[in-house]
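Per the working numbering, the very first residue in the sequence shown carries number 186; after that it's consecutive.
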Amino acid sequence: MVYFYALGRAYKASDYSLAYPLARGLGVGLTCIGAYYLLDEKLSIVGITGICLIVTGIFVVGAFGRTQRDSIRTKVGLFWPLLTGILIGFYSINDKAGVGYFSPLSFCAFLCLGSMLILTPVALRQKQSLSEEWRVNKKMILLSAICNLGAYPLVLFAFQMAKTGYVVAGREMSIIFSVLIGAIWLKESKLAVRLTGAAAILCGVVLITFS
């Protein structure tokens with residue numbers, strides 16, 4: 186639940202092309218480190234190099250990819266994406282451990298039910314905002330829900346069959362597209378710097394995938 190809150194605040198506090206690479210890239214690196222210590226999944230030299238590239242990319246995006254607006258609110262603008270990345274590391278390890286005890290579909294159903302029970306009362310406290318959001322973005326909300334319910338079980342099945350680092354790295358191949366979407370669709374600036382940092386993160390993700 187904290188992850189959903191942090192993710193929403195990250196997108197609100199920062200540009201999409203800044204928040205997404207920071208959060209997802211940091212999540213990959215921390216998950217691999219956590220899997221090494223908690224799940225006894227070994228890291229090769231290639232994997233360690235990949236983590237170093239991810240850290241480098243995060244530094245480039247965080248230090249040089251901020252706009253003047255981001256600089257004014259640096260602490261808030263970077264805090265939420267980085268917190269989201271830390272939480273991604275935690276829940277990825279939890280997912281890997283969870284599918285070791287339950288089937289992916291059962292585990293997914295349990296988490297979805299828990300999320301619904303906890304988040305529904307929170308959402309209903311903002312009925313006006315909820316109604317307006319539904320009226321304006323109903324189609325996108327439904328599409329997002331369908332995609333999420335379709336993709337998450339696949340990730341859980343992948344956790345059953347492969348090492349944690351491989352799975353989280355594979356699901357973050359979208360990092361480079363987030364910068365392009367932010368620049369082309371959302372008209373965000375600092376494309377060159379953010380693309381450079383995102384490319385370094387993506388290269389690190391690829392190295393972890395093949396480590």
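All residues carry an ideal CB built from backbone N, CA and C; glycine is no exception.
Spatially closest choice to Val246 from Tyr201, Thr216, Phe344, by CA coordinates: Tyr201
Let me know the secondary structure DSSP gives Tyr286 once reduced to three states. coil
Is the CB-CB distance between Ile386 and Gly235 below 7 angstroms? no
Decide if Glu317 is buried, meaning its Cβ has at least 16 other Cβ atoms within 10 Å, or exposed. exposed
Which residues bound the alpha helix (DSSP H) around Leu207? 201-223
Measuring alpha carbon to alpha carbon, tell me which residue in Leu224, Lys324, Arg194 is nearest Asp280. Leu224
Assign Val231 to one of two classes, buried (16 or more other C-beta atoms within 10 Å of its C-beta) or exposed (fewer than that). exposed
Pairwise C-alpha distance: Phe189 and Tyr276: 11 angstroms
Run through the region 330-361 for me and flag every whole alpha helix (DSSP H) of 4 or more residues, listed as ranges in chain order. 349-356
Do the region 337-345 and the region 287-306 meet, that is, are 3 or more Cβ pairs less than 8 angstroms apart? yes
Pairwise C-alpha distance: Trp319 and Leu328: 12 angstroms
Looking at the unbroken alpha helix (DSSP H) that takes in Lys197, where does it start and where does it end? 187-198
Whole-angstrom distance between Phe362 and Ile393, CA atom to CA atom: 19 angstroms
Could you pull the start and end residues of the alpha helix (DSSP H) that Arg379 belongs to? 376-394
With distances taken Cα to Cα, identify the nearest neighbour of Val240 among Glu226, Ile218, Tyr222. Ile218
Residues near Met186 by beta carbon distance below 6 angstroms, same chain, minus five either side: Ile303
Pull up the distance between the alpha-carbon of Leu315 and that of Gly389, whole angstroms please. 39 angstroms
From Ala220 to Gly212, what does the alpha carbon distance come to, in whole angstroms? 12 angstroms
Return helix, strand or coil for Leu304, following the three-state DSSP convention. helix
Once DSSP output is grouped into helix, strand and coil, what is the label at Phe371? Phe is not the amino acid found at residue 371; the sequence shown has Leu there. Leu371 falls in the coil class under three-state DSSP.
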